[in-house]
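The next block holds one structure in the form of structure tokens; read it before the comments.
In my numbering, the protein residues as written are 2 to 309.
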């Protein structure tokens, strides 16, 4: 359906950035919350583009972090992204930056200060994103840090979630470190959760894609009033699980691919004066993503806590 000539002067297309609580996010955040509540240790992994970082951000926003009138601070979830430097000092500096510690603080002071500070703000779980970049020195320091928190005088047991991206059947960190026979790794492995030390979070099934498309309809209804994406759910799912976009043959769709596909299609429809997408536009976008990926401009993925 096309607009009348009076609509030709409408404003530019606006990409909506509400965070959508998808089925993936429910699974992923569920694992994080369980580790937080039970104070257990896990490697939690999903393929790139699934929405891990967005999910961590959303969980932190709703974690109950606060500063009381008395001045006491509560920071139950402490989250960082793995630094590129492989030294333990780089990881410690990244942790302490959350608290605004001076960059010039000597390392021998910082490592003691950080334990005291974490205990003082009631940290209950550490979440490290991009944990596939963790080095031997990083992991050694994590063990030291958590051991010191658990020891006197703090006696604070904390959960640990190492959030990684993976490809194929290989779980990051497992063979490189945790399966090794040295005492350090035997001790680290002993701290991992007994039943689910490694959790793989799958992407979206066809039915889950359909539900996300229904949310996109609501988000973009003001710009494309006749939008009806759900009728294309099967086709979109099929395109986005082609080998080009699903090289591991998971038969699951990532939020990144789905968001890029939908926003790219809707932008084209809007700029052509349409109020809904048609088959031609969708096929063109599928062709771009599957066969001409370098020509496809990136869009920022949506963020969560929007319409479910």
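Don't be surprised by glycine CBs; every beta carbon is placed ideally from N, CA and C.
Can you tell me whether DSSP reads residue i as helix, strand or coil?
i	result
residue 172	coil
residue 116	helix
residue 47	strand
residue 251	coil
residue 264	helix
residue 67	strand
residue 256	helix
I need the boundaries of the beta strand (DSSP E) containing residue i, first residue and last residue.
i	result
residue 40	Premise fails: residue 40 is in no beta strand (DSSP E) and is neither H nor E.
residue 80	78-82
Compute the Euclidean distance between the alpha carbons of residue i and residue j, then round it to the nearest angstrom.
i	j	result
residue 60	residue 288	35 Å
residue 32	residue 65	18 Å
residue 220	residue 163	33 Å
residue 178	residue 128	19 Å
residue 38	residue 136	27 Å
residue 176	residue 10	58 Å
residue 171	residue 76	33 Å
residue 235	residue 13	29 Å
residue 114	residue 21	38 Å
residue 291	residue 70	55 Å
residue 133	residue 273	43 Å
residue 126	residue 41	9 Å
residue 138	residue 186	12 Å
residue 203	residue 256	11 Å
residue 92	residue 258	31 Å
residue 157	residue 205	37 Å
residue 243	residue 35	33 Å
residue 94	residue 229	49 Å
residue 188	residue 218	50 Å
residue 238	residue 282	16 Å
residue 263	residue 55	18 Å
residue 169	residue 246	13 Å
From which residue to which residue does the alpha helix (DSSP H) around residue i run?
i	result
residue 187	184-192
residue 240	234-241
residue 90	89-98
residue 10	No alpha helix (DSSP H) contains residue 10, which DSSP labels as neither H nor E.
residue 285	280-292
residue 62	53-62
So, under 8 Å CB-CB, residue i and residue j are touching, yes? Tell me the CB distance rounded to an integer number of Å.
i	j	result
residue 225	residue 276	5 Å
residue 209	residue 47	That pair is no contact at about 14 Å.
residue 53	residue 130	7 Å
residue 43	residue 198	6 Å
residue 119	residue 62	About 20 Å; that fails the 8 Å criterion.
residue 111	residue 88	Not a contact, Cβ separation roughly 13 Å.
residue 45	residue 200	5 Å
residue 116	residue 146	7 Å
Determine, for residue i, whether the minimum Cβ-Cβ distance to residues of chain D falls below 9 Å.
i	result
residue 260	The displayed structure is made up of one protein chain only, and chain D is not part of it.
Any chance the CB of residue i is under 8 Å from a heavy atom of the ligand ATP?
i	result
residue 277	In the structure shown, the ligand ATP is absent, as is every other ligand, since no ligand is present at all.
Query - Whole runs of the alpha helix (DSSP H) within the region 128-175, excluding any shorter than 4 residues - result: 137-151
Query - alpha helix (DSSP H) runs wholly inside the region 194-220, at least 4 long, in chain order - result: none
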